[in-house]
Structure formats: C-alpha cells, structure tokens
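**Q** Residue numbers (the numbering used here): 6 to 1019.
Backbone N, C-alpha and C fix where the C-beta goes; we use that ideal spot for every residue, glycine too.
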C-alpha cells in the first residue's frame, strides 16, 4: 500500500548485542548438525529484543536458513489460539511449499487445526490425547521439514501467548531430538509478574539443559552514544548524551524517542514521565492521523488495511494521508506481508490505548465488530471468531457478545485449544445473566455444546447454563486445567441437587471421577458408584452406556471379576442400541480383556481383534491406541508373546503415524515385557528406555522401569535393579492402587530384597501383598510373585537365621497357590514350578518333580524360564551323587543352561551353572570335539544378532534414520551399532562395510534389495 518509508528514529548501526548475536549464530551452526536448538530472549519492553531477532534473521538468511517468524497476537486482553505458530507455519509453507506438503502428507486433517491452508480439519469425539496428538504431529512435521533445510522458527511476544501456544512450545522444546531447527522465542521480562501465566513455563524451561536463555541488559553510556550517533548521523553533543542516558536509563527504545525529540527541538525530551514522552510525537501528528492511531491501538497487535478503512470511515485519500503521516513519524509501520499496520513499538500502542476514554474504547470496539459482521473477509478466517468475540465483549454489548463468544469457544475446541475454550466459556457464563432472555432462547446446544450427549431433541431445546458448565468441565480436563474443571463440576452438581435430572448428574459424576484420578486425589470409585446408582433402572442412553463402560474399565484395572464382566456386556449392549460407536468400541475392548482373564480366551481375543480392525479402518485414534495396548497385553498374559510382539510392532507404526505419543509409550512398555519373555533382552532394554522416553504419563515410565529392573537383576546388577525399582514405585504413587502396577512392584521388591540379603524384608513384602489376596484375573502378576517368594525360601532353607517363620511363609504361599487359576499353559507351568520350589524349600525335591516342570516349559518359547528350571532339574539329578545316566543328562542340561545364560547376559544363572558343574566335576563343553564353526560368517566377525540386522540395512544403503525406523530403535542407537560394526570389521566407513558384507556373502542379495526398495 505505502512504499518503503525511511525511519530516521531507528539507528542503522546495530549496537551493543554482539555477544548475544554470536550466541544465536552459534546455535544456528549447531543446528546444521541435526541437533535442534532452543533459545529464549528476555528483556524489558524497548530493550531491543525485536532488533536482535531482525539482525539474526538477516544473518541466518545469508547463511541459507529459512526464517519463519510468528508473533503472539494481543486483542484487548485476549490471545488468539496458536496465533504465533499458525503465522510461522504459514511463512514456512510460503518458503518451502513442497517440502511442508510432503511432511504433512497423511495428517493434513489434524494439522489443519494449526494451519487451515492444509485442508479441512477433522471432526469427531474429543479425548485426552487430542491436544497431545496435534503437538506430536507438529513436532514430526518440523523434524521432517528440517531434515534437509535449516529453519529458524521465531516466536515473538511470548508474554501475550495463549495457553495453547505455551503448551505447544513447551512440548516442542522437550521432545524435538533431530532436525536442523532453531526455535527462538522472545518475551518481556518486566511484564512477568508473580501470577503471570508465562512464569511457570519459564521455570519449567529453565530446568531443561537443552535450552539457552538470554536476558538483554540496558545499554551503557558508550552504547547509548553510538546509538544516538547512528540516529543523528553525526557525533552528538556529550551533554545531550548525558541527559539522554540519564533519562532513558539505557533503554534502547527510549533512547530513540529522546534523541528524536531533542533533535527536533520541539521539546527537550526530559518530560515528567516516559508515558508522556511516548505520546508527545503522537500528539504532534495531524488530527486525522491521531484518530487513525487511536483506532489501530484498539484493534489489536496488527490491523488489516481494509478493516481499518471500514472502521475509520475516512475517504481513501484521507486515510492514506493519515497513515503516511503516522508512518513517517515512526508511530505506525506496515505489518509484515504488507496487508495492514501496527505500531512500530507496542509501548506506544499501549500508551495510546491507555489514553482512550472509556466510552471512546467501547465505541471503537463496536465499530470494529460491526465492520467485521458486515464483511467477515476483512480478517483471516482463523482469527475471525475470536476477534469478533473480543470486539463485542469490549463493546459491552452482552446481546451480541454472548453468541460471538460461544462461537469462538467452538472454534477453539475445534483447534484443540482447550484452555482458550475454557476461558471463552467462562466469559460466556459471565455474560449469561446480563444477556437478554430473548437472545438466550435462540441459542441451541447443537450449535455450541457437544460433550453432554443429548437426551431429547436438541433443535427444540434452548442452550442452558448447565450445558456451558459441561463444556467448561471437559475443556478444563482436556486442557490440563483440572482444578478449575473440578470446581466447575462441583458447581454443576450443586445446581443439579435442585433438579430431577439423574442422567446429567451421572454424567458430571463421571467427569468428576476422571478429574479426581488425574489429580491423584483418589481412585475415583466413589464418584463412579454415585453415577451408577443414578442411572440404575433408567432406559438405555449414551450417558447410561458411558457410566457402565466406565464401571467396567475401572473394575478391569482394579477389581476384575464377574461384576465387571456384566457391566462390560451391558455397556456394549446399551452403546450399540443408542449408536455410540466409540463407547461401544472401548466397552468391547474391556469386555474382551475381561473374558480372556476369566478363561474365555479365544472368544475374548476375537472381540479384541474385531475392535482393532474396525477402529483402524474408521481412523479412531484414541481407540486405535488402546487396542494396540490392551490386546497384546492380553496375549502376553496368556503366554502368547510372539503373537503379542507382532501386534505391538504394528501398534508402533500406527501410534507413531497418528501422533499418539502416550499410547506409543505404552506399546513400547508392553513390547519390552514380551521381548523379555522371548529372551530378546537387548531389544527389550531398548524398548523399555523408549517407553520411558515416549510416554507422556507416569504409567509407561513405571512399566519401563520395571522391565529394566528385571533385566538388571537377572544380569546380576543389583544396585541398578534397586534404582529402577524405586523409579517404578515412585511413578505409580500410592493414591490409586492397581494390581497391574502393585503386584509387579511387589515381585521385584521381593527379588531385590533377597538379592541384597534382606530375607525378612522380602517376607514382609509378601505378607503385605497376601493380606489383600489376589483379585480374579490377576494370575499373570501373582504367579511370578509367588515364584520369587518360594524360590527365596528354598534358597534359604539351610540358613539357621531363616528358620523362624519359614513354615508360616510356606503355608501362606501354598494357600495362595490353591486359590490361583491356571487358565493358560504358561500359568499351568508356573503352578508346577512354584510347587516344585515349595518341595525344594522342604528338602523334598525330586528329579521327577522337576522333569514335569521342564516338560511344561519346553513348548512355551520362554528361554530364560526354561533355563532356570533345567538348572533345577540338573541340580536335583546330581543330589546324592547321581547315576551315570543321570550325570550325563545333568551335563547336557547344564550346557544348555550355560549357553542360554551367556547369550542373555544372565550372569548369576551362568555362574550358578558353572559352579554346579565344577562341584560335580562335569565339563560344560565336550573336551574331545573342537569348537563348532560359526553357523554364519557374521558370527566369525563377532557381530551380535542386532549388529547383523543393522549391517544388512547398511549394505542396502540405508541411513541411520531409516535403520532406526526399520528396527524400531532410536537414530542414536543405530549410530552406536554402526560404529561398533565398523570397529569389528576393521573398516573406516559405511561403504567399506557394505562392500565387505557383499564380498563375504553375509546376506542374500534378495533380502538386501527388497528392504532397500520397500
């Protein structure tokens, strides 16, 4: 609109920030190595943050980087959801359209919540993972774009950021691990008072070692002198510098204002207040230009030209003349992109806005709102609803503001900006009583409320205050503002005490149960039971189905049994009757798991497989994640570990693609458990670490810690096992006990205590666990615990100090064994094993008893368990000397045990086999036969099985990232494997390694080719 305008108040000389600019350029250089960088720039208003970012952006572009700049937008006191990220991604799309489209491929529907240009965003039921899913997909998008391009993502004015922007920034800084990316954010440090919402984020980021924080100090006298000389294009008078320095106190923006004021001679610049100084040059403008400045000040951070024209109601020539005067005076500046205007510095805007009279402010907001209602195209589509709501609210027109605020809340919910939705809903509740009754009667739940299932005709029913409370409760829960949500549910239930609406009351009690659990205030059963009583005897409805599904799911995790099974069956039936597909899918998953635990294995698994296939086809992310967690857990619970691993690998692919990070953490945790069972311990350790890294909640972290504790213990690293046990125990906490958490922890606690020589502590742990008995369906966790306890007593049978209390302990274990079920071959085998250990504890062990145990384990594909019972059989055969054929059999058994233990790294078992063989004078390797030649050429090179997998992919020409994706490991782990391979092969690079692999014929040509083209 206007050509470039020379601004004499800005110094062409960049002053005093050489060190800070060097830090930013160093971060840029580091990012080129694929290591993302994050920096925060703080400083008081006017200190020079924007100028530093501009200088860095110019330098970054010269070095070939793409700069995507986004600013947090302030409209009155309202922040636009994700405004800074939307603007930055829009700039990135403009610079790299093809690359961004490729990176977003397949997830456009979800990412359109941030960048509407990608297409229509998805609809459907909102869930706890919605916001996290959007954040994870955004992180993946940036990682893919920055794999080949260096990008600077700069977010300005973080002090104005909405909660969703703050949450997303925090997520990116914590999770981004690869990519040539610099994330840069600025904020006003003088605005961050004790209750400012940015303060917790700054504290959180300060604890991260991956982020650098720069605080810009004010200029010293020498720097002020250089700045003024640049502005005036001449050496300034020393006395004038002294006066400017004293008055500005080194603030760069005030230096500019004072220098210009003094140079123009109209004033000395030494006014009574700096606010007056900021208004001096505004008041020096022509009256029309002052009027335009006041309009822009109330319109927000940036005002589009067409909107400004509509509000100003000037002729185009007069408007342009006024704008030119304001721009020439360095009051206004064209906005980036050239489509609007903003104040050159927000301090001036704030001063002008503060100078408005109350009636003047309301009138300007009304004119903005009326202009936007008349022509919605005056502002970008993704800002329209929020800005209109803000304008009408600050115009103090409740009749117009209430519908506009409600519409903006729907838009915020649609974008997963739940914190902004909650704030808008609270504003709607504030307006509710002041809005005319006639306006409220026109509002419909179908337009503004979706979380509470309709129980009647929503078109004929007016929106109620309880509908707003329901929306606000869910928005608070999904946005992480659970304390506010809990207060909202309490308020709603107080109102419902006066009404006869059991369904709505039951719905609020279910919300309250979820919040109580998430806030670690209890297990939530009191609230669920209240809801169950409220719906008892009522006809089927969506609320009724949700209550029953919640009862079943809660019981499955804490008190599985016939009642839980009945609740699940009724939940499925009711959900199917009312067409609630997601509730039905979740209830069927719960039902399938309960059926497996009750012994109806094949029928239960059939339910779970059907649900999995259906939700994958329908693209229901939340249920997709849960199905790939629960079903393999059920498979592992009946000893079908290989089948579980297949489902889990598919789960990793789907949860990764859909951005289901917490579900992915759970999948990794379950994968670690199944890989341990299959004897793939190195892979299991990687999976456990990934569970801790990828999971967003405490439970996957705790499960990963349990797996690492088991592996450390089995490998003889007792202190490490104790540390992981403490991590696992702390992750779960005491507020909501569940057998799937508590029993594995107790099992590990017994094992660690025994390994540390604390048998009395092990007995005490067992006694505490047996006091509450084992709930039905928990045999998968109970049998390993009883085994650890029985083994400990058997190992300690010869210790005089262990005699007291032994009989009682053995009796308690025996009684528990009689009550436990053996619904699968693996637990039938465990029952035999525990009984055999009890016989050994009483010195009544025989080879026949242990032979039965070995026979039970041989078909189960659990190499470590099989090795342990084979060791016991060998030990039993050698007791009392043993006949020749028994010694031969024991020799073969110990050789098998030793080989498996060495392969797994199970040092205690290997040492025990060696010691037993030495005591019995048995050779562990045949003396007459030479060592067999390696079955594969790779073994002669000393490569592990995992290194062989990596070398095969290296030979196929894959990068470390592709290798990581193929083998479900991290790129860093792939890099370590490649380094080890190069060292073992004695070559200097990947090309030589690939050539050697081909020359030695390590891999069939077709396997290499097929992987490289897939």
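1. Please report the Cβ distance between residue 143 and residue 173, rounded to the nearest whole angstrom; I am assuming they are in contact, meaning their Cβ atoms lie under 8 Å.
2. Buried or exposed for residue 388, please, with buried defined as at least 16 other CB atoms from any protein chain shown within 10 angstroms of its CB.
3. Would you say the region 195-208 touches the region 154-172, given that touching needs at least three Cβ pairs under 8 Å?
4. Excluding the 5 residues preceding and the 5 following residue 5 in the sequence, name in chain order all residues of the same chain whose CB lies nearer than 6 Å to its CB.
5. Identify, in the order they occur along the chain, each residue of the same chain with its Cβ nearer than 6 Å to the Cβ of residue 456, setting aside the five sequence neighbours on each side.
6. Flag this pair as yes or no: are the beta carbons of residue 216 and residue 178 separated by less than 8 Å?
7. Quick one: give me the first and last residue of the alpha helix (DSSP H) that residue 365 is part of.
8. Look up residue 160 in the DSSP assignment and give the residues it is bridged to.
9. For residue 882, name the three-state secondary structure that DSSP assigns.
10. Quick one: grab the DSSP three-state call for residue 648.
11. Under 6 Å Cβ to Cβ from residue 41, same chain only, skipping five residues before and after it: list those, please.
12. Around the C-beta of residue 405, are 16 or more other C-beta atoms found within 10 angstroms, so that it is buried, or is it exposed?
13. Once the 5 residues before and after residue 718 are set aside, which same chain residues still bring their CB inside 8 Å of it?
14. The alpha helix (DSSP H) with residue 863 in it runs from where to where?
15. Terminal residues of the continuous alpha helix (DSSP H) containing residue 455?
16. Hey, residue 529 and residue 522: beta-carbon distance below 8 Å or not?
17. Can you tell me whether residue 443 is buried or exposed, with buried defined as 16 or more other CB within 10 angstroms of its CB?
18. Any chance the region 654-661 sits against the region 670-681, with 3 or more Cβ pairs inside 8 Å?
19. Whether or not the region 52-64 and the region 17-26 are in contact is what I'm after, with contact meaning three or more pairs of Cβ atoms, one per stretch, closer than 8 Å; do they touch?
20. Check this for me: beta carbons of residue 352 and residue 346, under 8 Å apart or not?
21. What is the rounded straight-line gap between the Cα of residue 837 and the Cα of residue 797?
22. Can you give me the start and stop residues for the alpha helix (DSSP H) that residue 111 sits inside?
23. DSSP beta-bridge partners for residue 218?
24. Since residue 138 contacts residue 665 with CB under 8 Å, what's their CB separation in whole angstroms?
25. Which of the three DSSP states, helix, strand or coil, is assigned to residue 527?
26. Compare the C-alpha of residue 482 against each of 835, 409, 740 and 133 and name the closest.
27. Output the distance between the C-alpha atoms of residue 573 and residue 979, rounded to the nearest integer angstrom.
28. Between residue 626 and residue 107, what straight-line distance do the alpha-carbon atoms span, to the nearest angstrom?
29. So residue 250 is in the alpha helix (DSSP H); what residue range does that whole segment cover?
30. Residue 87 and residue 392 look like a contact to me (Cβ under 8 Å); what is the Cβ gap, rounded to whole Å?
31. If contact is defined by three or more beta carbon pairs under 8 Å, each pair taking one atom from either stretch, is the region 498-514 in contact with the region 443-454?
32. Pop quiz: residue 872 and residue 882 are said to be a contact at Cβ under 8 Å. What is the actual Cβ separation, rounded to whole angstroms?
33. Within 10 Å of its beta-carbon, does residue 277 have 16 or more other beta-carbons around it, so buried, or fewer, so exposed?
34. Around the Cβ of residue 164, are there at least 16 other Cβ atoms within 10 angstroms (buried) or fewer (exposed)?
35. Please state the DSSP three-state secondary structure of residue 347.
36. Going by beta carbon distance, what residues of the same chain come within less than 8 Å of residue 113, once the five residues before and after it are set aside?
**A** In brief:
1. Their Cβ separation, rounded to whole angstroms, is 7 Å, which keeps residue 143 and residue 173 in contact under 8 Å.
2. buried
3. yes
4. Any question about residue 5 goes unanswered here, given that the chain covers just 6 to 1019.
5. For residue 456, where only same-chain residues beyond five positions count, the Cβ hits under 6 Å are 475, 476 and 479.
6. yes
7. It spans 363-379 - the alpha helix (DSSP H) in which residue 365 sits, taken as one unbroken run.
8. 75 and 190
9. In the structure shown, residue 882 sits in a helix (DSSP, three-state: H, G or I).
10. helix
11. 181, 184 and 186
12. buried
13. 726, 753, 756, 757 and 760
14. Element bounds for residue 863: n/a, residue is neither H nor E.
15. Taken as a continuous stretch (DSSP letters only), residue 455 belongs to no alpha helix (DSSP H), as it is neither H nor E.
16. yes
17. With fewer than 16 other Cβ atoms from the protein chains shown falling within 10 Å of its own Cβ, residue 443 counts as exposed.
18. yes
19. Enough Cβ pairs lie closer than 8 Å, so yes.
20. no
21. If you take the alpha carbons of residue 837 and residue 797, they lie about 16 Å apart.
22. Counting along the chain, residue 111 falls outside any alpha helix (DSSP H), and DSSP gives it neither H nor E.
23. Its beta-bridge partners are 45.
24. 6 Å
25. coil
26. Comparing C-alpha distances from residue 482 to each of 835, 409, 740 and 133 shows the shortest one belongs to 133.
27. If I take the Cα positions, the gap works out to 44 Å.
28. One alpha carbon belongs to residue 626, the other to residue 107, and they sit about 21 Å apart.
29. 243-253
30. With 8 Å as the limit, residue 87 and residue 392 do not qualify as a contact, their Cβ atoms being about 14 Å apart.
31. no
32. With a beta-carbon spacing of about 15 Å, residue 872 and residue 882 fall beyond the 8 Å limit used to define contacts.
33. At residue 277 the pLDDT is 46, less than 50, meaning the model places this residue with poor confidence and gives no usable figure here.
34. When all chains shown are included, residue 164 counts as buried.
35. strand
36. 123 and 124
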